[in-house]
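Q:
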Amino acid sequence: MDITNMKELYAELIKAAGRGFRNRSITNPAVDFTKRAKAGVYDSMTDEEYYEELDKVEELNRVWQHKTSKTVGELLLTALENLNIRDEDVEDISATLMCAYSRTDQESIPCDSDVSERVSDIIFGNHHDRRPDGETEEIDEDILCEDEIPSETSGQVSHILSSPARIYKYLDRNVYGQKEAKRAAAMLIWNHVNGRRQNVLFAGPTGCGKTEIFRQLAKLYPNIVIHNATSLTGTGWKGNTKVRNLFDGVPQDKMGHLIIVLDEADKMFEDADDRHYSYIVQNELLKVLEGDMVHFDGNPSNSEPALDIDTSNVSFVFLGSFDSMVRAKDVAVNKSRAIGFGAVSSDESFDGYRSTFTQEDLVQYANVRSEVAGRIGTIVQLNEMTEDDFYAILNAEGISPVDKIADYYGVRLKMSANAKHKLAKQAAENRMGVRFIRSQLQRKLDDELFEDCNRTEYTIA
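Okay, structure coming up:
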């Protein structure tokens, strides 16, 4: 990309505006970047080199506010709004503009061929891919949705998936904290891609980021499917989802290579009103956890065909708070310490989610059948998010819900430190996590938009 930094962008915008092109539409440089990345132009780069280029494009992309195109005038206004201009800067800029103004009536502003080409070909959206033979190819802007600027490309996805460290780095850019969980998830994906299926359980309090980790991974690896385990029922039972329905909508050639994520899995294991229900669901789940060829009978009443799936390369992920297990083990540990004997060693201490949980704990305290627990190879524990964590998330570049909502609406959002601390405290106290923060920000912005939807900047109190 010819324009590589903000200085060059300002220069080209000023030249274009000064030549009467303020209403000309300019294509976001991220369009060209994504086109080249999808063509494999950057595949030979190291991670550091690629992300350095990506950061440059993202800086330019912010001026476009993640839109595919804007006019010269709109871009100049956006760029100026984001500047911290001091009084002495204004004097210098004004003096320069006056010099230019004084020349306006005496001489025409030259537009040499080099500048003309840059203005018409580079910044006005008439982008071309330069080929060695001199031919050009028009860029198809439809390759890029506005919410995907810039995005990971097929070549880069393969590069990232080839190393657990690179997968972790991708997660670290998109998910705050929970380093051990992100590391475990990276290992899971890498092993799965290389034909080593795994069944892993992630336990952590509500709002700690369990589901978000796999939402982000699903953007990278589309063979991840996320289901709400609370709707799972056994064959012959009334309910929205049977175990066989976990594979619905998946092409036959991909069924045997899925990572199936069961969110709120702890609710599926709980007794509820009927222990037999949980037993039936887990019994059917065992079929697919074995990693063998699985047969599901058809149902003539609704024209559901029989289904055969080789699950030898299907991995399962169980997500849940498992708070009943935490409470039950807490009681057991405290009781054993008080009387000096019991199922738990009397010298064992317990610190909630920071304590170690085992397959035996799943069986004893979470109503997980021993056959199912025995097929869960790894238990990963996530820590509870604190007020400080949520405040950090609100300020984290690229992750902050404030920035994401602002980008989505194409506006600027201002939020004071006090307002952020207040919202972070509420999220920590009600234990609803980032979901609560997003909903509160959305509600507050909706109120502002209702009163005046034509502003470019809003303050969230």
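Using this note's numbering, the first residue of the sequence shown is number 22, and each one after it goes up by one. We put the beta carbon where it would ideally sit given N, CA and C, even for glycine.
(1) Quick one: what's Gln402 bridged to in DSSP?
(2) Measuring straight from C-alpha to C-alpha, what distance separates Ala438 and Arg57?
(3) Among Asp468, Asp424 and Val214, which has the Cα closest to the Cα of Lys435?
(4) If we count the other Cβ atoms within 10 Å of its Cβ and call it buried at 16 or more, is Pro422 buried or exposed?
(5) Assign Arg459 to one of three DSSP states: helix, strand, or coil.
(6) If contact is defined by three or more beta carbon pairs under 8 Å, each pair taking one atom from either stretch, is the segment 297-304 in contact with the segment 233-244?
(7) Per the contact definition of three or more C-beta pairs closer than 8 Å, is the segment 376-387 in contact with the segment 339-350?
(8) Is His316 helix, strand or coil by DSSP?
(9) Short of 7 Å in beta carbon distance, which residues of its chain neighbour Gly99, apart from the five on each side in sequence? Order them along the chain.
(10) What is the rounded straight-line gap between the Cα of Gly228 and the Cα of Phe290?
(11) May I ask you to report which of helix, strand or coil DSSP gives Leu436?
(12) Give a single yes or no on whether Lys441 has its beta carbon closer than 7 Å to a heavy atom of the ligand ADP.
(13) With a threshold of 16 other CB atoms inside 10 Å of the CB of Leu101, please say whether the residue is buried or exposed.
(14) Thr92 to Leu34, Cα distance in whole Å?
(15) Can you name, in chain order, every residue of its own chain whose Cβ lies under 6 Å from the Cβ of Leu209, other than the five neighbours on each side?
(16) Could you give the uninterrupted runs of the beta strand (DSSP E) lying entirely in the segment 190-249, keeping only those of 3 residues or more?
(17) So what does Val282 bridge to, in DSSP terms?
(18) Would a check of beta-carbon distances place Phe337 closer than 8 Å to chain D?
(19) Just to confirm, are Tyr502 and Asn404 a CB contact at a threshold of 8 Å?
(20) Where does Ile114 sit, in a helix, a strand or coil, going by DSSP?
(21) Give me the Cβ distance between Thr379 and Ile397, rounded to the nearest whole Å; I'm assuming they're in contact under 8 Å.
(22) Restricting to runs no shorter than 4 residues, where is the alpha helix (DSSP H) found entirely within the segment 37-87?
(23) Of all the options Ser179, Tyr197 and Leu192, which has the alpha carbon lying nearest to the alpha carbon of Ala417?
(24) Let me check one thing: in DSSP terms, what residues is Asp428 bridge-paired to?
(25) What are the boundary residues of the alpha helix (DSSP H) that Ser391 is part of?
(26) Within a Cβ cutoff of 6 Å, which residues of the same chain sit near Val339, ignoring the five residues on either side of it in sequence?
(27) For the segment 71-85 and the segment 47-54, state whether three or more C-beta atom pairs, one from each stretch, are separated by less than 8 Å.
(28) Just reading off the alpha helix (DSSP H) that Glu95 is part of, what are its end residues?
(29) Can you give the Cα-Cα distance for Val111 and Ala32, rounded to whole angstroms?
(30) Using DSSP with H/G/I as helix, E/B as strand and the rest coil, what is Ser345?
(31) In terms of DSSP beta bridges, what is Lys465 paired with?
(32) Inspect the beta-carbon positions of Asn26 and Gly94 and report whether they are closer than 8 Å.
(33) Ignore the nearest five residues each way along the sequence and tell me which others in Ile164's own chain have a CB closer than 7 Å to its CB.
(34) When the Cα atoms are used, what is the spatial distance from Glu325 to Ala427?
A: If we stick to the structure as given:
(1) Paired residues: Ala224.
(2) C-alpha of Ala438 to C-alpha of Arg57: approximately 40 Å in a straight line.
(3) Ranking Asp468, Asp424 and Val214 by CA distance to the CA of Lys435 puts Asp424 first.
(4) By the Cβ neighbour-count rule, Pro422 is buried, with 16 or more other Cβ atoms within 10 Å of its own.
(5) The answer is helix: DSSP assigns Arg459 an H, G or I state.
(6) Counting Cβ pairs under 8 Å, fewer than three are found: no touch.
(7) Because the criterion of three Cβ pairs below 8 Å is met, the segment 339-350 and the segment 376-387 touch.
(8) Residue state, collapsed to three classes: strand.
(9) Correcting the residue type first, residue 99 is Thr in the shown sequence and not Gly. Cβ neighbours of Thr99 beyond the five flanking positions: Val84 and Gln86.
(10) Their Cα atoms are separated by approximately 20 Å.
(11) Looking at the sequence provided, one finds Met at residue 436 rather than Leu. Assignment of Met436 by DSSP, reduced to helix, strand and coil, places it in the strand class.
(12) This structure does not include the ligand ADP; it has no bound ligands of any sort.
(13) With a threshold of 16 other beta carbon atoms within 10 Å, Leu101 falls short and is exposed.
(14) For Thr92 and Leu34, the gap between their C-alpha atoms comes out near 10 Å.
(15) The answer, listed in chain order, is Gln219 and Val221.
(16) The qualifying runs are 220-224 and 245-249.
(17) Ile247 and Val338.
(18) Considering every chain present, this structure includes no chain D. It has just one protein chain.
(19) Because the chain spans 22 through 482 in this model, residue 502 falls outside it and cannot be assessed.
(20) Correct three-state label for Ile114: helix.
(21) Here Thr379 is actually not in contact with Ile397; their C-beta atoms are around 10 Å apart, not less than 8 Å.
(22) Annotation note: the segment 37-87 contains the following uninterrupted alpha helix (DSSP H) runs of length 4 or greater, listed N- to C-terminal: 50-59 and 68-84.
(23) From the listed residues Ser179, Tyr197 and Leu192, the smallest Cα separation to Ala417 is found for Tyr197.
(24) Under DSSP, Asp428 shares a beta bridge with no residue.
(25) Ser391 to Ala394 is the extent of the alpha helix (DSSP H) around Ser391.
(26) In the sequence as presented, Val is not what sits at residue 339; that position holds Phe. Leu222, Leu283 and Ala286, listed in sequence order.
(27) They touch, by the three-pair rule.
(28) Taken as a continuous stretch (DSSP letters only), the alpha helix (DSSP H) holding Glu95 covers Val93 to Glu102.
(29) Rounded to whole angstroms, Val111 to Ala32 spans 17 Å at the Cα level.
(30) Correct three-state label for Ser345: helix.
(31) Lys465 is not bridged to any residue.
(32) No. Outside cutoff.
(33) Because the pLDDT at Ile164 is just 33, under 50, the model does not fix this residue reliably, and the point stays unresolved.
(34) In a straight line, the C-alpha of Glu325 is about 45 Å away from that of Ala427.
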